[in-house]
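All residue numbers for the sequence shown refer to numbering that gives the first Met the number 0, where the first residue is 0 and numbers rise by one.
Worksheet: one structure, shown below.
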Amino acid sequence: MDKPNKFDIEIVAASTEPNLEDAKKQWEYIYNEKSESKKLCICGHQIKNVNYFLNTVNGNIICCGSTCCTKFEFPIIPMKNSILENIFKLKKIDTDTIKIENIKDYLEYAKNELLLFLENKTKLAKFDNLILILKDLILIKEKYSVDTFDEFIESIKNKLVELIPEYINFKINEDISLLEPLLVKLAKLVTEYKLNIQKSKIIDLTKETIASLVKHRIDNYTGEQTCSLQTKISKIVISLKILVLKDFLVGMETKLKNKIESIRVQNFAWEKEKYERRMKMKKY
0 MDKPNKFDIE IVAASTEPNL EDAKKQWEYI YNEKSESKKL CICGHQIKNV
50 NYFLNTVNGN IICCGSTCCT KFEFPIIPMK NSILENIFKL KKIDTDTIKI
100 ENIKDYLEYA KNELLLFLEN KTKLAKFDNL ILILKDLILI KEKYSVDTFD
150 EFIESIKNKL VELIPEYINF KINEDISLLE PLLVKLAKLV TEYKLNIQKS
200 KIIDLTKETI ASLVKHRIDN YTGEQTCSLQ TKISKIVISL KILVLKDFLV
250 GMETKLKNKI ESIRVQNFAW EKEKYERRMK MKKY
């Protein structure tokens, strides 16, 4: 009988099944990290192409290089959330081996490495990308009833709340005509993920952003841009179902109309003055 290799021994130790084949069935691939520093594979090899696996029964985390990934003998890696990658395209970096003295210590190490990877991944992530990561982690949590990511899920929620003002500002300045879908999306996020922000606060932030945009258009008047903004706001007012914003938007539209009319009257006065000067010059 062949002597079990290091991978087989550690996989069984990290699982709840004593039989190797049954133990391997408990694991699911969740993330890939192309690390700048070497990480430790479950077999003891040092790797840079790190594939994180989650035990769907006990919530343990392990790291695997591409060679050890094939030992799970998946016919096809199941792509069960939006950020999974094809692990069989990855190559092992080296064959240096470090002995794993204690499987519990290794499992804690692997979990911490995964959380560090996720922390770095979310540090510079934009708002929409953070939502994708949050959805994936919640899916894993609910599907396998593991609490590994609970603290991290809360940190992503807090970061989303911090980014909401910037997100509103960016979206409204990008295209104010999409105001209502934006607010519906944010309201849904607040409800679905229980974000720590009042919907009334989102409305207030929206008002501040629109008021700032209108003021900028008025202070730095360009006819085409100002008229375009006034037209878009007018269309929003007609179809808007969020009643608390209607009166506010009507007020913003009125300010823009007054500015446009003021410039029109001013231009008319200038044209009239130029015409009268030309007429006087003709007399002489």
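For glycine and all other residues, C-beta sits at the position ideal for the given N, C-alpha and C.
Asked: Proximal residues to N80 (C-beta, below 8 Å), its chain only, five neighbours per side dropped; Found: With a pLDDT of only 39 at N80, under the threshold of 50, the placement of this residue in the model should not be trusted; the figure read from the coordinates follows. I29, K134, D135, L138 and I139.
Asked: V56 (DSSP reduced to helix, strand or coil); Found: coil
Asked: L39 in three-state terms, based on DSSP; Found: strand
Asked: Sequence-distant residues of the same chain with beta carbon closer than 8 Å to I132, five excluded per side; Found: I82, L117, K120, T121, A124 and I155
Asked: Assigned exposure category for E9 - 16 Cβ within 10 Å defines buried; Found: buried
Asked: T225 vs L255 beta-carbon contact at 8 Å; Found: yes
Asked: DSSP beta-bridge partners of E161; Found: The partner list for E161 (beta bridge, DSSP) is empty, contrary to what the question assumes.
Asked: Assigned secondary structure, I10 (DSSP; H/G/I helix, E/B strand, else coil); Found: helix
Asked: Alpha-carbon to alpha-carbon, I175 and L182; Found: 11 Å
Asked: Contact under 8 Å by Cβ, N54 with S65; Found: no
Asked: Residue of T221, D146, E35 and L162 minimising C-alpha distance to N195; Found: L162
Asked: Those residues which DSSP pairs with K33 across a bridge; Found: N48
Asked: 7 Å CB neighbourhood of A12 in its chain, flanking five on each side removed; Found: I102
Asked: Any chain D beta carbon closer than 8 Å to N219; Found: Within the model displayed, chain D is absent; a lone protein chain is all it includes.
Asked: Between the CA atoms of F247 and E207 - distance to the nearest angstrom; Found: 11 Å
Asked: Alpha-carbon to alpha-carbon, V160 and F71; Found: 40 Å
Asked: Alpha helix (DSSP H) runs wholly inside the segment 199–242, at least 4 long, in chain order; Found: 222–238
Asked: N31 classed as buried or exposed, judged by whether at least 16 other C-beta atoms fall within 10 angstroms; Found: buried
Asked: Those residues which DSSP pairs with E27 across a bridge; Found: L53
Asked: Proximity winner among K184, L204, T190 and S144, relative to E165 (alpha-carbon distances); Found: L204
Asked: Neighbour-count burial assignment, T15, 16 or more Cβ in a 10 Å radius; Found: exposed
Asked: Whole-angstrom C-beta distance between C62 and L39, which should lie under 8 Å; Found: 6 Å
Asked: Straight-line gap, V189 to Q45 (C-alpha atoms, nearest Å); Found: 42 Å
Asked: Alpha carbon of F158 to alpha carbon of N18, nearest angstrom; Found: Note on identity: in this sequence residue 158 is Lys, with Phe being the wrong assignment. For K158 and N18, the distance between alpha carbons rounds to 43 Å.
Asked: Reference I286, options S261, A186, L228 and E223, closest by Cα; Found: No answer is possible for residue 286: the residues shown for the chain start at 0 and end at 283.
Asked: Residue of Y108, I167, E252 and E112 minimising C-alpha distance to K200; Found: I167
Asked: I132, DSSP secondary structure in three states; Found: helix
Asked: Residue environment, I311, which counts as buried when at least 16 other CB atoms sit within 10 Å; Found: The requested residue 311 does not occur in the structure, where the chain is confined to residues 0 to 283.
Asked: Beta-carbon proximity of M251 to I202, cut-off 8 Å; Found: no
Asked: Residue closest to E150, alpha-carbon to alpha-carbon, out of K142, K110 and N128; Found: K110
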